[in-house]
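Chemist: Using the numbering used here, you'd call the opening residue of the sequence shown number 1486 and step up by one each time. Just so it is clear, CB atoms sit at the ideal spot from N, CA and C, and this is done for glycine as well. Here the structure is a predicted model, which means the values were calculated and not measured. Okay, here's the structure, questions in a sec.
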Amino acid sequence: MEKLLHFAVHFLFGDGTMSGEPVPPIFLNCSSIFIFGKDEKYASCPIENGTDPCYLLKEVHRAKEFRTYFLAILPIVLSVIACLLNIGYLMAQLKCFSQEKTSFKKRQVFLISRSLSIILANLLFYVVVIVWKANGFVYTSAMIFILIGGINFLSVTGTYIGLTILLYTAIVHQFWYMTKLTLTHCWLIIGLIWILSTASSVCIGLWGATLFYPESAPISCSFESCQQPLAIIIVVGLSICYGTVIVLYIAMMTRLHRLVRKSSLVQSRSKSNSMTAMKRLGLNMITFAVGSVPILIVCIVALANLRDLSSLGEGCKSPCKTFLHSSLFVEVEILASVAAIVWIIAMIADPVINILADKKLRGVFAKHITRVSQRMRRASTKTTISTDDQ
1486 MEKLLHFAVH FLFGDGTMSG EPVPPIFLNC SSIFIFGKDE KYASCPIENG
1536 TDPCYLLKEV HRAKEFRTYF LAILPIVLSV IACLLNIGYL MAQLKCFSQE
1586 KTSFKKRQVF LISRSLSIIL ANLLFYVVVI VWKANGFVYT SAMIFILIGG
1636 INFLSVTGTY IGLTILLYTA IVHQFWYMTK LTLTHCWLII GLIWILSTAS
1686 SVCIGLWGAT LFYPESAPIS CSFESCQQPL AIIIVVGLSI CYGTVIVLYI
1736 AMMTRLHRLV RKSSLVQSRS KSNSMTAMKR LGLNMITFAV GSVPILIVCI
1786 VALANLRDLS SLGEGCKSPC KTFLHSSLFV EVEILASVAA IVWIIAMIAD
1836 PVINILADKK LRGVFAKHIT RVSQRMRRAS TKTTISTDDQ
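See below:
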């Protein structure tokens, strides 16, 4: 019975030796993992002496599994969750924005900008997946992926920096914050952040994709004179952005902590505001670190292996190229998967942490969830009644 079941599984899925077709001699030692109808194209590839073809075949399958589950299915599921959460969070923010005083709106505009950036990044992520599935992962899809990541990272980083300075100013220089800093100034700062983020990301996307697809890129970029210096500049730039935010957070929290310790000389309301600002700064720092540190590590690892990774873009795409460089493709899939998953997890964590940290937002968000669930129940009840009447 077990043998019959084993035969049926292999026959239906077209792999192994049960299909009735002979396994190519080069893959006789790994016939159990050979997939008929798909792996025959690798049999004629020129393999160097001492290289195990079965190892290369395993790596090809491994790369495809990573690409399917960790670079497509899981990121898409997480992206849908992130998009829905941030849309709900944005609606709650807009509701609060219309009810708040001008001084509180200054903080809200930065949070609204961050939510819009995350929603836009999620929508463009679906564009990357469509382009990737239509044409494969080529220069164009790599450029769009880097462009989206750059805009999201830089715009979110800019809003983190702006919001950190804003919170600090609201506590330490309260008079200047209330009288001199207007809502228009905040909108202008956000506009400048988006312009600089977009311009920088376009450059990073156009030249950054040449690191992996130098021959198909419309821009000439050799390894020694262009690719390697560009990769170093990108990693150093990301490190500076990350370091700036963390240093600002630590400096602001240290200053606010000192202010709280001297609270006996100030009003209790000021102390309460300082504690709230410290809590928000701490939570924002955790969110930023969760999303940024792993991506920075991925960039550093990619830079260390840039010479090998850039060789994948040399020459025409072919089954033999994928087969012979399967180990490198596994490394690329792992790096891209980790970057995408961590990036989207940070998008999920951002609204969750900010909603939990803000009592008013938490109440508005809960009301929206309740209304949506009630509407869904009413709709399902109406559907049930109409079905019964028929």
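Going by alpha carbons, who is nearest to Asp1793 out of Ala1851, Ile1826, Phe1697?
Modeler: Closest by alpha carbon: Phe1697.
Chemist: Is Ile1604 helix, strand or coil by DSSP?
Modeler: Looking at Ile1604 - three-state DSSP - the assignment turns out to be helix.
Chemist: From Tyr1645, His1742, Val1849, pick the residue whose C-alpha is nearest to that of Ile1771; which is it?
Modeler: Minimum Cα distance to Ile1771 is reached at Tyr1645.
Chemist: By how many angstroms is the C-alpha of Thr1553 removed from the C-alpha of Cys1726?
Modeler: Distance between the alpha carbons of Cys1726 and Thr1553: 32 Å.
Chemist: In the DSSP assignment, find the unbroken alpha helix (DSSP H) run with Glu1808 in it and report its ends.
Modeler: Going by the sequence as given, residue 1808 is Phe instead of Glu. First-last of the alpha helix (DSSP H) with Phe1808: 1804-1809.
Chemist: Where does Val1815 land, buried or exposed, given buried means 16+ other C-beta within 10 angstroms?
Modeler: Its Cβ being crowded by 16 or more others within 10 Å, Val1815 is buried.
Chemist: Buried or exposed: where does Gln1593 fall if 16 or more other Cβ atoms within 10 Å of its Cβ makes it buried?
Modeler: Under this definition Gln1593 is a buried residue.
Chemist: Report yes if the CB atom of Phe1595 is closer than 9 Å to the CB atom of Gly1647, and no otherwise.
Modeler: Taking 9 Å as the Cβ cut-off, Phe1595 and Gly1647 qualify as a contacting pair.
Chemist: Among Ile1636, Met1663, Gly1573, Val1730, which residue has its Cα nearest to the Cα of Trp1828?
Modeler: Measuring from the Cα of Trp1828, the nearest candidate turns out to be Ile1636.
Chemist: So Ile1678 packs on Ser1640, CB below 8 Å; how close in whole Å?
Modeler: So it is a contact: roughly 6 Å between Cβ atoms.
Chemist: Tell me the rounded alpha-carbon separation between Val1657 and Leu1666.
Modeler: Answer to the nearest angstrom: the Cα atoms are 14 Å apart.
Chemist: Do the stretch 1669-1683 and the stretch 1706-1723 meet, that is, are 3 or more Cβ pairs less than 8 Å apart?
Modeler: Verdict: no, contact absent.
Chemist: Report buried or exposed for Ile1780, applying the criterion of at least 16 other Cβ atoms within 10 angstroms of its Cβ.
Modeler: Buried, by the Cβ-count rule.
Chemist: From Ser1626 to Ala1528, what does the alpha carbon distance come to, in whole angstroms?
Modeler: Taking the straight line from one Cα to the other gives about 29 Å.
Chemist: Tell me which residues share the same chain as Ala1577 and place their Cβ nearer than 7 Å to its Cβ, disregarding the 5 neighbours each side in the sequence.
Modeler: Same-chain partners within the cutoff: Leu1846, Val1849, Phe1850, His1853.
Chemist: From the DSSP output, in three-state form, read off Ile1520 for me.
Modeler: If DSSP states are grouped into helix, strand and coil, Ile1520 belongs with the strands.
Chemist: On the DSSP letters alone, give me the boundaries of the alpha helix (DSSP H) that Thr1654 sits inside.
Modeler: Unbroken alpha helix (DSSP H) run through Thr1654: 1624-1657.
Chemist: Could you check where the alpha helix (DSSP H) with Ala1567 kicks off and where it finishes?
Modeler: Residues 1559-1584.
Chemist: DSSP three-state call for Asn1534: helix, strand or coil?
Modeler: Correct three-state label for Asn1534: coil.
Chemist: Would you say Leu1632 and Ala1716 are within 9 Å of each other, going by their C-beta atoms?
Modeler: No, these two residues do not count as a Cβ contact at 9 Å.
Chemist: For the alpha helix (DSSP H) that Ile1671 lies in, which residues bound it at each end?
Modeler: Before going on, a small fix: residue 1671 reads as Cys here, not Ile. Looking at the DSSP string, the run of the alpha helix (DSSP H) that includes Cys1671 is 1668-1693.
Chemist: Please classify Gly1776: is it buried, with 16 or more other beta-carbons within 10 angstroms of its beta-carbon, or exposed?
Modeler: So Gly1776 ends up on the buried side.
Chemist: For Ile1876 and Ile1830, what's the separation of their Cα atoms in angstroms?
Modeler: What is shown of the chain runs 1486 to 1875, which leaves residue 1876 out entirely.
Chemist: Have a look at Leu1541, Phe1630, Val1783 and flag the residue whose alpha-carbon is nearest the alpha-carbon of Thr1807.
Modeler: Checked all of Leu1541, Phe1630, Val1783; the closest Cα to Thr1807 is Leu1541.
Chemist: Hey, would you say Gly1436 sits closer than 9 Å to Ser1682, going by beta carbons?
Modeler: Residue 1436 lies beyond the residue range present for the chain, which begins at 1486 and ends at 1875; the question has no answer from this structure.
Chemist: Under a Cβ-count criterion, where at least 16 other Cβ atoms within 10 Å of its own Cβ denotes burial, should Ile1735 be classed as buried or exposed?
Modeler: Under this definition Ile1735 is an exposed residue.
Chemist: Would you call the stretch 1532-1541 and the stretch 1549-1569 touching, i.e. three or more CB-CB distances under 8 Å?
Modeler: Taking 8 Å as the limit for Cβ pairs, the verdict is that the stretch 1549-1569 does not touch the stretch 1532-1541.
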